[in-house]
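Following my numbering, the numbering of the sequence shown begins with 73 at its first residue and continues without gaps. Every residue, glycine too, gets a C-beta built ideally from N, C-alpha and C. Computed from a predicted structure; not experimentally measured.
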Amino acid sequence: MAPILEINNIFKNYGSTEILKDINIAIEPGDFLVLVGPSGCGKSTLLNCIAGLEPTTSGSLHIGGKDMTHVSPKDRDIAMVFQSYALYPTMTVAKNITFGMKVRGVDAATQEAKLNEVASQLQIEQLLHRRPGQLSGGQRQRVAMGRALVRDPKLFLFDEPLSNLDAKLRVEMRSEIKKLHQSLGATMVYVTHDQIEAMTLATKIVVLKGGIVQQIGTPAEIYNRPANLFVADFMGSPAMNLIPAKVTQNGNGAKIEITRSNEAPIILHDKKASGLPQNVILGLRPEDIAEAGFRAGEGVQEASCQVDMVEPAGADTYVVSELGGKQVTARLHAETSAAPGEKLTFAIDLNKVSYFAPDTGERLN
Ligand code: ADP
73 MAPILEINNI FKNYGSTEIL KDINIAIEPG DFLVLVGPSG CGKSTLLNCI
123 AGLEPTTSGS LHIGGKDMTH VSPKDRDIAM VFQSYALYPT MTVAKNITFG
173 MKVRGVDAAT QEAKLNEVAS QLQIEQLLHR RPGQLSGGQR QRVAMGRALV
223 RDPKLFLFDE PLSNLDAKLR VEMRSEIKKL HQSLGATMVY VTHDQIEAMT
273 LATKIVVLKG GIVQQIGTPA EIYNRPANLF VADFMGSPAM NLIPAKVTQN
323 GNGAKIEITR SNEAPIILHD KKASGLPQNV ILGLRPEDIA EAGFRAGEGV
373 QEASCQVDMV EPAGADTYVV SELGGKQVTA RLHAETSAAP GEKLTFAIDL
423 NKVSYFAPDT GERLN
């Protein structure tokens, strides 16, 4: 399938400051691309370059196979859905949706037909005579989408649409957007600084830092095989444990040694670790450390550790212990008997372990 959006070697400077550095991304029709990264990493700038609201400094951008690098926003075949939804409060839902067509001089019969088509797609037929103030948050989101949909765009662009909402509404609207994506089969590009939003919505994630792409992949690829220490730390909550360790090759894989301040080092064995350098950062997700007896099999090894902190979180309990000079978090079952100051035997599962180079931060396995 031909990419619907193709970004090649895009650079963007403001004055002498490089904001975007050699961005390359391609997505297929129906993809939900999420641009994620910390504040100031260049996400909105990249979205604005796609929309044509900001010119690029160099590089090219194709939408639907056409070179749009220097085309004005209105001719790019895109629709932007804004944070506040920007609905006109005094107009009915129907007028809000048809207003853009009216301004563009579309005839009344076509407006009516488009309105009915989109209202049925979004299941808002019964809301057409209401005003925005008489709608729930989710319904307003649908109306804002409806206004974008009547344009039949190749791409929908969203810039942090949920960032102003309280936590509960944010989760509701997130599933609303996901449902819309699934039912419409539309192609979406979505900016957020919230890694959970990125994981739950995306078919494809681009992680940005300092205007440089750190990794592009499916949510599972990014979560299970982060490309470097930045992605490992940024994606996932609680964050991946990143533990300094020493590797000794022993012919059949390697011995991994993790020092502890008040106890003997922990020694683990990993067949997959052959060929690694002597010093590594070992990356373990909290769910890859269980309580002994709850996880077994190849690659799972036990170690007794002193518990420093116990944090109940409803369905899970997080237990913190010191390993390799780091506070390491294990995600245990809610009924764990772990208690601060006491010993607990952990089952450490190395099947999904990540190894990183301490100096470059790059993934080694
Ligand atoms: P994000 O959306 O990831 O928070 P932005 O794309 O808004 O980041 O900004 C990226 C960087 O570009 C920031 O350092 C910001 O200060 C800078 N920046 C954004 N817009 C302008 C502008 N019009 N002029 C100069 N610098 C800008």
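- For K276, the shortest separation between its Cβ and any heavy atom of the ligand ADP does not lie below 7 Å.
- With fewer than 16 other beta carbons inside 10 angstroms of its own, V175 counts as exposed.
- For M140, the closest C-alpha among the options I79, F171 and I95 is that of I79.
- Per the DSSP secondary-structure output, N351 pairs in a beta bridge with K318.
- Put simply, of M163, I150, H341 and Q195 the residue whose alpha carbon is nearest the alpha carbon of Q206 is M163.
- Pairing Q198 with R214, the inter-Cα distance amounts to about 13 Å.
- Taken through DSSP and simplified to helix, strand or coil, K226 comes out as coil.
- Between the ligand ADP and the CB of G131, the shortest heavy atom gap is not smaller than 7 Å.
- Only residues of its own chain outside the window of five on either side were considered, and among them P145 have a CB closer than 7 Å to the CB of L125, listed in chain order.
- With a minimum length of 3 residues, the unbroken runs of beta strand (DSSP E) contained wholly in the segment 263–318 fall at 276–281 and 284–289.
- At a Cβ-Cβ threshold of 8 Å, R297 and E394 do not count as neighbours.
- Annotation: the continuous alpha helix (DSSP H) that includes N168 extends over V165 to V175.
- Out of A345, K318 and I338, the CA that lies nearest to the CA of G325 is found in A345.
- About 6 Å separates the Cβ atoms of K226 and I135, confirming a contact at the 8 Å cut-off.
- Annotation: the segment 352–436 contains the following complete segments of the beta strand (DSSP E) (minimum length 3 residues), in chain order: 361–363, 372–385, 388–395, 398–405, 415–421 and 426–428.
- In the same chain as V391, and ignoring 5 residues on each side of it, the C-beta atoms closer than 6 Å to its own belong to V379, V382, A402, L404 and A410, in chain order.
- In the DSSP assignment, K344 falls outside any beta strand (DSSP E) and carries neither an H nor an E.
- Annotation: V143 to S132 spans about 11 Å, alpha carbon to alpha carbon.
- A direct Cα-Cα distance of roughly 49 Å separates A185 from A387.
- Distances taken from the Cβ of I91 to the heavy atoms of the ligand ADP include one shorter than 7 Å.
- If you compare the alpha carbons of G397, A429 and L119 with that of I91, the shortest gap goes to L119.
- I249: member of the alpha helix (DSSP H) spanning A239 to L256, first to last residue.
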